[in-house]
Amino acid sequence: MIRALLRAQWLSMRFSSGRSAWTSLVLAALWYGFWTLLSLVAEEVAATSRFERLIITWLPAGLLAISVYWQLAPMASGAMGGSLDLRKLLIYPVPRGSLFFVELLLRITTCAELLLLLTGITIGLLRNPAFDGLGAAARIPMAVILFAAFNLILAAGLRSLLERLLTRRGIREIIGLLLMLLGVLPRLLMVTGVGGRRLERVLPTASNLVWPWGAAAHFMLLPTGGTYTGAAVLVGWSLAAYYFARWQFERNLRFDFQAAQAATVSAKDRSFTDRLYRLPALLLPDPVAAIVEKELRSFARTPRFRMVFVMGFSFGLVVWLPTMLRGRITHNAVSSNFLTVVSLYALFLLAQVTYGNSFGFDRSAAQLFYLAPISISRAVAGKNIAAAIVIFAEVAAIALACSILRLDIPLGQIGEAFAVTAIAALYLLSVGNLSSVNYARPMSAQRATGAGSARRSQGLLLLLYPIAMLPVFLAFLARYAFDSQTVFYAALALAAALGIAVYWMAMESTVTAAYKRREAILAQLSGGEGPLVAD
Amino acid sequence: MADSPAIAIHNLRKVYGAKAAVDGVDLIVPRGCFFGFLGPNGAGKSTTIRMLTGLIPPTSGSIEILGMPLAERELEIKRRIGLVPDESLLFDRLTGAEFLEFVGRMYGLARPMAIERALSLLDLFELREKRKMIAEYSKGMRKRLAMAASLIHHPDLFLMDEPFEGVDAVGARLMKDILLDQVRRGATIFLTSHVLEVVERLCDHAAIIDNGRIVREGSMDELRGGTDSLEDVFVRVVGAGHEFHELEWLK
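Protein chains in written order, with the working numbering: chain A, 1 to 535; chain B, 1001 to 1251.
Printed below as a string of structure tokens:
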């Protein structure tokens, strides 16, 4: 059954263009190359016998970090990996246990990099004579396998739970926010010094044998004070995770996602926001205004967009807050440009749901832009303007959140954040437009998160993000070097002028590609999926 | 230009790799006629319609619509075409009214007029749940909305790919009445359908395409050639040689 499923999925994906396949390959090589390097470093550290005390002290914390990353990274990146499309599979007489097993295996798609890291640690510890060396040939790998299995199963359970919770409007945003805050809470507490001493007492407790990471570390380092209790505890945690994941999976099987997502536009929503949606028409002519209006309405009703938007001003803020608070003492760049940094981070996050794949949510309906008597450049421009409105709304939301948190951001810095984000957006919109027509892919509006294949254009943007940020970065560098606001603004003006030129050129290429590749774009956007959901 | 046919296709070809999906089609569709474009699955119907709308470029050949060459005057032609494609062109996160207004504005209608027409079309097509998002529409409702969208700019030519697919009998009757009314006012309808009874009842002209080539063409009477039904003609023309073989293990 598993082979049949995987084959069907492979057959569904085989028609992706050669160029897309190559891009995926390059991005995967870069990503996993980085993790392989990290794994090699971890191996060398773990293999050094003089680091024995260090390893004993820090291994539980390291494993805790791996667990946290394993569970939270897919949510933070908005890409939850592949999963079974149960609507397509439930009609077949397949045992539920088999479906659950495939679902578990699919969790590997989200955090394969951690398996690399764990492999590095395992080999390192096996090479280290302080930990029984090759004498632990069975024990250490078994501990790592149990630890990985625990994380894999827990991730499957959490995913099922989240998938159900995230179908409900409002709850979805709150849950997402809480989980993200939970993820960055330890770092925030450490940097702010809030309960610093208490935290110092808490960390050894986290390394305790009762926790899966503590148990795994004890089991791995047996000769230096560990006991076989660690193995028993780890098995216990894995079993608990299994029952939790299985329970959640069964609940998902019975859950009516369609009914939960059934939505109408409330009368209140219509009367209040309708006027807002119509504002662009006051300044812009049709059809651009019509497209902007349509985009804004669609965004506001798309769970996935709302999730990312909320992440932009919540997760983004909390992620950078510790660095900013530390910077108040060390006077680092993040501290003095906090709002700008968070805004640029949000700008990157928004790419996946707005400008990075502009026609994704339209799916096959994107053909309307080719059928209607308009130039495709108007359609792209309309979509870019809608994205720009969203970006400015995000910066405003971040500024508002800062003022609620009493972060004391001067008015000048707010203006600066808007200006810098706008200039950076010019470059990123250029990249996004090219990516939208060259790597178009359908996206599900209903699903609150993306999945594996979304990483291609995200990866591309990640790769080009530093290059796109370079002109803005140079402006900041000029301010630092010359200690002059005038120089800074002059450099920003230059970056803006260059950005407009880049945007203009990219638009021409986008339009050419949009016409030249129209058949391929529409085929990609209308494409169906295999038995796995991967939008 | 007013005397020119609604559609004039000359030696149209579309080749994918080594396979010609449309292979030298010549076709004239007179103005004001209800034209049925028939063919078995994969015969080249949808590819032809996609070329007529400019969605895909032909490999060779020429297309004239309403007397204008498609390649040179694409935007002008698009303004006068109403389309119901086989694949959804509906934006799921809009309501029916919002979508119709959007389409109207894309075709150059002023917003107040687009809103007014959208609301009257929703009434006409009995899509009265105005706050329902399109994502929640049934298949039949989606087809009715797509047809409403094709009407909003009052086009002269309709290109319709399986417009009645998934529509219930009441909805289909409503749609047929509206289409017949459009023909009476002088519009041309170019329609593909697998339901031959529908084509036989509605269309005055038809062509049958098979393996990318037109194999029969003419008025409905000419096609039927006297007493045959359209289904008999269709099966004879494109289904010759198909025999039913019972599978042993299915007995």
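Where is the CB? At the ideal position from N, CA and C, for every residue including glycine.
A direct Cα-to-Cα measurement between residue 287 (chain A) and residue 240 (chain A) gives close to 57 Å. Among the residues facing chain B, residue 368 (chain A) is included, as its CB has a counterpart in that chain under 7 Å away. Neighbours of residue 298 (chain A) in chain B, taken as residues at a C-beta separation under 7 Å, are given in chain order as 1091, 1093 and 1094. From the beta-carbon of residue 1105 (chain B), the residues of chain A found nearer than 8 Å are 286, 287, 289 and 290.
Within the stretch 1111-1176 of chain B, the runs of beta strand (DSSP E) at least 3 residues long that lie entirely inside it are, in chain order, 1157-1161. Each of B:1003, B:1044 and B:1139 was checked against the Cα of residue 1166 (chain B), and the nearest Cα belongs to B:1139.
Scanning chain B for C-beta atoms nearer than 7 Å to the C-beta of residue 294 (chain A) yields 1091, 1094 and 1102, reported in chain order.
Taking the CA atoms as reference points, residue 1103 (chain B) sits about 21 Å from residue 1070 (chain B). For the C-beta of residue 1054 (chain B), the chain A residues within less than 8 Å are, from N- to C-terminus, 370 and 371. Ranked by Cα distance from residue 1094 (chain B), the first of B:1132, B:1076, B:1077 and B:1119 is B:1132. Judged by DSSP in its simplified three-state form, residue 132 (chain A) adopts coil rather than helix or strand. With a threshold of 7 Å between beta carbons, residue 519 (chain A) makes contact with chain B. With fewer than 16 other Cβ atoms inside 10 Å of its own Cβ, residue 500 (chain A) counts as exposed. Here the alpha carbon of residue 1231 (chain B) sits roughly 33 Å from the alpha carbon of residue 1003 (chain B). Each residue's CA atom was taken as its position, placing residue 1171 (chain B) and residue 1036 (chain B) some 20 Å apart.
A distance below 7 Å separates the beta carbons of residue 280 (chain A) and residue 289 (chain A). The CB of residue 1111 (chain B) comes closer than 9 Å to the CB of 278, 281, 286, 289 and 290 in chain A, given here in chain order. In terms of beta-carbon proximity, residue 1122 (chain B) stays away from the interface with chain A, with every pair separated by 7 Å or more.
The beta-bridge partner set that DSSP reports for residue 1069 (chain B) consists of B:1064. Looking only at A:513, A:99, A:112 and A:394, the smallest Cα-Cα distance to residue 73 (chain A) is reached by A:112.
With a cut-off of 8 Å on Cβ pairs, the stretch 229-247 of chain A is in contact with the stretch 134-147 of chain A, counting three or more such pairs. Beyond the five residues adjoining it in sequence on each side, residue 1091 (chain B) comes within less than 8 Å, by CB distance, of 1099, 1102 and 1134 in the same chain, given in chain order.
Counting only the Cα atoms, residue 212 (chain A) lies some 20 Å from residue 110 (chain A). Exposed is the label assigned to residue 505 (chain A), since fewer than 16 other Cβ atoms lie within 10 Å of its Cβ. Distance between residue 1237 (chain B) and residue 526 (chain A), taken at the CA atoms: about 32 Å. Judged by their CB atoms, residue 1122 (chain B) and residue 1097 (chain B) are nearer to each other than the 7 Å cut-off. Listed in chain order, the beta strand (DSSP E) runs fully inside the stretch 1012-1037 of chain B are 1019-1029, counting runs of at least 3 residues. Taking a Cβ-Cβ cut-off of 7 Å, the neighbours of residue 1079 (chain B) in chain A comprise 373, given in sequence order. Nothing from the stretch 338-359 of chain A brings a Cβ to less than 7 Å from some Cβ of chain B.
The Cβ of residue 1066 (chain B) sits no closer than 7 Å to any Cβ of chain A.
Beta-bridge annotation (DSSP): residue 1213 (chain B) is paired with B:1210. Listed along chain A, no residue sits closer than 8 Å to residue 1212 (chain B) by beta-carbon distance, the nearest being about 17 Å off. Between residue 1053 (chain B) and residue 1015 (chain B), the CB-CB gap reaches or exceeds 7 Å. Under the Cβ criterion (8 Å, minimum of three pairs), the stretch 469-484 of chain A does not count as touching the stretch 405-415 of chain A. Going by DSSP, residue 510 (chain A) is part of no beta strand (DSSP E) but of the alpha helix (DSSP H) stretching over 485-516.
Among the CB atoms of chain A, one or more fall inside 7 Å of the CB of residue 1083 (chain B).
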